[in-house]
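Student:
Number of protein chains: 2
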Amino acid sequence: MSIATVCLSGTLDDKLVAVASAGFDGVEIFENDLVASSLSPKRIRERCADLGLTIDLYQPFRDFEAVPPDVLAANLRRAERKFDVMAELGADTVLVCSSVSPDAVDDDDLAAEQLHLLADRAADRGMRVAYEALAWGRFVDTFDHSWRIVRRAAHPALGLCLDSFHVLSRGGDPAAIRVIPADKVFFLQLADAPRLRMDVLQWSRHHRLFPGQGAFDLTGFVGSVLATGYTGPLSLEVFNDVFRQSDPNRTAVDAMRSLLVLKEKLGLVDLPRAPALDGYTGTEIATHDPALRETMTALGFHRTGTGRWRQGGATLTIRTGAATRITAVEVASTDPERSRRRAEALLARPDEHGVPAPDGTTVAFGTLANVAGEGLLTGIDHVSLTAPFDDVDQTALFYRAVLGLTAEPEAEFAAPYGLVRSLSASDGRVRIAHNVAMLRRGDWAPAVTDPQHIAFTTADALEAAKAMRASGARLLDIGDNYYDDLDARLAPPNLDELRANSVLYDRDEHGEYLHFSTDIFGDRVFFEIVQRVGGYLGYGVVNSPVRMAAHRRSRLRNSR
Amino acid sequence: MSIATVCLSGTLDDKLVAVASAGFDGVEIFENDLVASSLSPKRIRERCADLGLTIDLYQPFRDFEAVPPDVLAANLRRAERKFDVMAELGADTVLVCSSVSPDAVDDDDLAAEQLHLLADRAADRGMRVAYEALAWGRFVDTFDHSWRIVRRAAHPALGLCLDSFHVLSRGGDPAAIRVIPADKVFFLQLADAPRLRMDVLQWSRHHRLFPGQGAFDLTGFVGSVLATGYTGPLSLEVFNDVFRQSDPNRTAVDAMRSLLVLKEKLGLVDLPRAPALDGYTGTEIATHDPALRETMTALGFHRTGTGRWRQGGATLTIRTGAATRITAVEVASTDPERSRRRAEALLARPDEHGVPAPDGTTVAFGTLANVAGEGLLTGIDHVSLTAPFDDVDQTALFYRAVLGLTAEPEAEFAAPYGLVRSLSASDGRVRIAHNVAMLRRGDWAPAVTDPQHIAFTTADALEAAKAMRASGARLLDIGDNYYDDLDARLAPPNLDELRANSVLYDRDEHGEYLHFSTDIFGDRVFFEIVQRVGGYLGYGVVNSPVRMAAHRRSRLRNSR
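If you read the protein sequences in the order shown, they are chains A and B.
Residue 925 in the working numbering sits at position 116 of the first sequence, and the numbers go up by one each step.
Residue 1069 in the working numbering sits at position 260 of the second sequence, and the numbers go up by one each step.
1. Measuring straight from C-alpha to C-alpha, what distance separates B:T814 and B:F839?
2. Along the chain, where does the alpha helix (DSSP H) containing A:F952 start, and where does it finish?
3. Whole-angstrom Cβ separation of A:A939 and A:L969, contact assumed at under 8 Å?
4. Touching or not, the segment 1115–1132 of chain A and the segment 1293–1306 of chain A, by the rule of three or more beta carbon pairs under 8 Å?
5. Let me make sure I understand the geometry here. Which of B:G1091, B:L1346, B:D1328 has the alpha-carbon closest to that of B:R1356?
6. DSSP has A:F1222 in a bridge; who is on the other side?
7. Cβ of A:V1355 less than 8 Å from any chain B Cβ?
8. With DSSP as the reference, identify every bridge partner of A:P1165, one or two as the case may be.
9. Would you mind sorting B:S1142 into buried or exposed? The rule is 16 or more other CB atoms within 10 Å of its CB.
10. DSSP has B:L1086 in a bridge; who is on the other side?
11. Measure from the alpha carbon of A:C906 to the alpha carbon of each residue in A:R1134, A:L971, A:A1205, then state which is nearest.
12. Can you give the Cα-Cα distance for B:S978 and B:A1216, rounded to whole angstroms?
13. Per DSSP, B:R1149 forms a beta bridge with which residues?
14. Leaving aside the five residues before and after A:L1010 along the sequence, list all residues of the same chain whose C-beta is less than 6 Å from its C-beta, in chain order.
15. Consider the C-beta atom of B:V1342 and the heavy atoms of the ligand ADP; say whether any pair is separated by less than 7 Å.
16. Kindly identify the DSSP beta-bridge partner or partners of A:H1015.
17. Which residue wins for smallest C-alpha separation from A:L881, given the options A:H925, A:T1106, A:D822, A:A1036?
18. Looking only at its chain, what residues have a beta carbon closer than 8 Å to the beta carbon of A:T1028, apart from the 5 residues adjacent to it on each side?
19. Show which residues of chain B have a CB atom less than 7 Å away from the CB atom of A:R890.
20. From B:D1269 to A:T820, what distance separates their C-alpha atoms?
21. Just list the residues that DSSP pairs B:I1338 with in beta bridges.
22. Is there a Cβ of chain B sitting closer than 8 Å to that of A:Y1348, yes or no?
23. Going by DSSP, what residues sit across from A:V1031 in a beta bridge?
24. Examine the Cβ distances between the segment 907–927 of chain A and the segment 1317–1325 of chain B and report whether three or more of them are shorter than 8 Å.
25. Take the Cβ of A:H1376 as the centre, count every other Cβ of all protein chains shown within 10 Å, and call the residue buried at 16 or more, exposed below.
26. Using 8 Å as the limit for Cβ to Cβ distance, is A:G946 near chain B?
27. Mapping DSSP to helix, strand and coil, what is A:V994?
28. Across the segment 822–838 of chain A and the segment 1049–1061 of chain A, are there enough close Cβ pairs to call them in contact, namely three or more that are closer than 8 Å?
29. Please state if the CB of A:A1205 and the CB of A:A1061 are separated by a distance shorter than 8 Å.
30. Determine the chain A residues that contact B:P1225 at a beta-carbon separation under 7 Å, and present them in chain order.
31. Let me see if you follow: with CB-CB separation under 8 Å, is B:M1007 close to chain A or not?
32. Whole beta strand (DSSP E) runs in the segment 900–953 of chain A with 3 or more residues, listed along the chain?
33. A:G1169 CB to nearest chain B CB: under 8 Å?
34. Please name the residue, chosen from A:F1025, A:S818, A:T1115, that lies closest to A:N841 on a Cα-to-Cα basis.
35. Could you tell me if A:L1365 is buried or exposed, where buried requires 16 or more neighbouring beta carbons within 10 angstroms of its beta carbon?
36. So what does DSSP say about A:A831, is it helix, strand or coil?
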């Protein structure tokens, strides 16, 4: 398993250390990292050897083929200088990208002839050339086109580099890869990406993701490449604005986890399977805001032990902590021990409390005690957590992979203080959401940043709201403008009741969603009570900006 | 002058206050802001009146026209509910966007007929409908198409809303707007944008900018609209991820400045013209790092007065300050008093030191004393400043507008700790650059964040580097990998000398650029010495990542 240094932030040495610590076997050395490094290629070679890393590829070499003779001469001189570096570095394969140069002409025979020449020069030094079709190459922009040229050149030191992004972003059919002989696939680069409708070059340079974080079918792609008989490294090459500025140690671990999940899907690694989940056994909140416990009581919870609270089918642990936050999510596993082993295999480090997730929450595995009791609340619908904007893709992948959840469609909405991304995953019983600012927030945003919440299920949201409000629960008031708009948009039959009880409403093609919230406690955590009618699939995200504005008002009022 | 509330961050009340303080006369009320507000429409009307704001538009109303009868009935009901809100609000114009609904059909006659019906309903209440072609409208996506429908509908309460983004993003010809009668242009919305090759909906929703910050010809566009005889508001409607989370008071001032600059170009406002500049009279640095003054001496500077230093044609003021930074840029104006008046007209607040720019630097205006003297340095080539990533577009516009500079092509490069945007503006004598992280940085990046620098000009960079190094100036060492790559890329004839003196090199079609840097002083400021050969236009940005990595090394070494 290998990774390109361009995936990570820092200097070359920062990157090599991070890559080795995360357990990779090899690296692709990205030229810019080497150029900016004070280490000579020879020292880099020694450094990699010390760290147990092989140098699997030197990249990229650009704009070589299908050019007039004078340009060819200059390009060969340039290549020889790079072969000098590679020789010192001990790298035997160079990536040559299909040309984007205005000097190039559209002539496959000429491209093949000149690549043959380059492969000759490489072979003289015991090196080889991996030719890659960039999705935005001037004339060669698909893998099958690059393969036709490589086949025509027919040189043992010339083969292909296949990159999932370049193939899948263009809608290429990976099944066609299977016709390529294994000894002609010199290298395999992997990147996922969200489906974006934008210039493919910008998409590639800014928005790639690690496998499993985007929308591409990496399993199918790698499956096709492996079907050729390819036995070289699976190597990650991810250009991503956020990863470029994040802690490389953390990014490297996340990258390795994503590769493990991919290998599991391909049957290349045997991880403990994710056991089926039976829902939540509870969640834990740390706080020292007394109002939180008061509202628990008003919501109908009662204490069942030290720090343990229950209301119908919903249980919660409250412990005293300096800052209010959701400290643990306890899920009911059909095999808690295997759940823990799976987490460990996915690079988590379980302790006596459970598995620490990248967002700081502990994931604990228990078994479901049959605790169904009387009460308005029947359990936990979802837990909404937070992660820094630059860690959320990795964090979400962690939860999905460890718990065996499926990603749900991502939502994005304009909140009062900026755009918010909402990622969620579910197996139908356990739902975990992460709501994060799209960009790191500016300083100005007042009031609540990054609130977390626990959403309890109820069979009757209107009744629950009435009863809880009557008990003095600090529930959020929603203004009339919302209901006037709701009337114009969806005209729910029970509009007056929704309005009277400050219950929010949404509808999709499967059903309805009624939900209401408490105030925010300890500047961080609130409770939501939700009722799903029919098969409604979402989380009422359309109402989130209204809820957020209402939370700000209630905080201003409470702080007076 | 008007602005849509969607341009700004915060709750509706935050926005209204910011808009009024910045001197706008009116607002477009964005529906989501109203829906999330606890203020009733009537209270919002009163609030606007108190703040001296007219409500110029209520927006948006979506997916109305060219639908089957049952959908039409529902849409009319929906419209009546919104007219109720508008009546309370005292808004008389509603924006109706061309439909993106799957319910709509491609039938201009039907669209015209149904819009006529809507206009009738509006007219009954003394209101009017401004129909706008979204650039991604399902059937109607150009202004001329929307105009054909409005003309066909022939209702006095039905007219057009023209939005510069929707017209210019599609490459529409604004000159064709001049055929539309003035009484049919109900509203004019203005937004600029960078030229991006991406889905136009995403481009519009995330990347709009205020006029003058992007690549669109707003002057030509507004000129065409005014040529119809349009006398309504010029209203800004800018959806931008960053502005959505920035301090609305600041954004509103920046928005107003951008509108003033646009109006100046159109001859609609008479601002003091920017006087020609003669270059720099100096710059001022605050520091308490003694190494900075030592290096000044080694660079050949000598004191000419309290805190004043000179070397040949370059002058500098060093004052003692707690944090090291460039505190002032002093430019030589042919009319300093007019320069100051211009700054004031552009919403700056000059004090006795000069004009405070949004990035915290003071811009001072002096007159050029003829100080040419002996020395290796001949003056200041450019000053490179910093601004938070979410303020840099506004900051750059401020410098351009106040100083009368022209924007140069924007550069973007991968630095060791993340992507960096480099914006610069110049009049050929004064060059101001801003280098900022593309995203707010993560916490991990060690060493230098946001360094500033002053670049002095020299006629011979190699000689200057030798002399300064001999005098003990703390100059940056550049590693061999850079020169080996330079040899492969550009093969400069004086490679050995460049290498021996750690001088960086670049070349464009106009000439060459030789440059070298000192260490960073006080964690913030360094000096660069640059030689332009021929008409080289850039700033050697290609070498920035190498310089940054070298700066990190030198800081680690110095901190040992």
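Just so it is clear, CB atoms sit at the ideal spot from N, CA and C, and this is done for glycine as well.
Tutor: Short version:
1. Between the C-alpha atoms of B:T814 and B:F839 there is a straight-line separation of about 6 Å.
2. Run containing A:F952: 952–962, per the alpha helix (DSSP H) assignment.
3. Beta-carbon to beta-carbon, A:A939 and A:L969 are separated by about 6 Å, close enough to satisfy the 8 Å threshold.
4. Taking 8 Å as the limit for Cβ pairs, the verdict is that the segment 1293–1306 of chain A does not touch the segment 1115–1132 of chain A.
5. Checking every option, the nearest Cα to that of B:R1356 belongs to B:D1328.
6. Paired residues: A:V1229.
7. Under the Cβ criterion of 8 Å, A:V1355 is counted among the residues facing chain B.
8. According to DSSP, which records beta bridges pairwise, A:P1165 is partnered with A:T1171.
9. It is buried - the Cβ of B:S1142 has at least 16 other Cβ atoms within 10 Å.
10. In DSSP, B:L1086 forms a bridge with B:S1142.
11. Selected option, being the one with the closest Cα: A:L971.
12. In this structure, the CA atom of B:S978 is about 20 Å from the CA atom of B:A1216.
13. Answer is none; B:R1149 lacks a bridge partner.
14. So the list reads W945, once near-sequence residues are dropped.
15. No copy of the ligand ADP appears in this structure; indeed no ligand is present at all.
16. Its beta-bridge partners do not exist; DSSP assigns none.
17. Of the candidates A:H925, A:T1106, A:D822, A:A1036, the residue whose Cα lies closest to the Cα of A:L881 is A:H925.
18. Short of 8 Å from the beta carbon of A:T1028, and not among the five residues preceding or following it, lie these beta carbons of its own chain, in chain order: L1071, K1074, L1075.
19. Within chain B, D1293, D1296, A1297 have C-beta atoms less than 7 Å from the C-beta of A:R890, given in sequence order.
20. Their backbone Cα atoms lie some 31 Å apart in a straight line.
21. For B:I1338, DSSP records a beta bridge to B:F1265, B:F1325.
22. False, the Cβ-Cβ gap to chain B never drops below 8 Å.
23. BP columns for A:V1031 are empty, so no partner.
24. Short answer: they don't touch.
25. This structure gives no information on residue 1376 of chain A, because the portion of chain A shown stretches from 810 to 1369.
26. So no, A:G946 is outside the interface.
27. Strand.
28. The segment 822–838 of chain A vs the segment 1049–1061 of chain A: in contact.
29. No, the pair does not count as a contact, with Cβ atoms beyond the cut-off.
30. Within chain A, the residues whose beta carbon sits less than 7 Å from that of B:P1225 are G819, T820, A845, listed in sequence order.
31. It does; some Cβ of chain A falls within 8 Å.
32. List check, beta strand (DSSP E) in window: 902–906, 937–941.
33. Output row for A:G1169: interface = no.
34. That would be A:S818, whose Cα lies nearest to the Cα of A:N841.
35. With a 10 Å radius around the Cβ and a threshold of 16 neighbouring Cβ atoms, A:L1365 comes out exposed.
36. Secondary structure at A:A831: coil, using DSSP grouped into helix, strand and coil.
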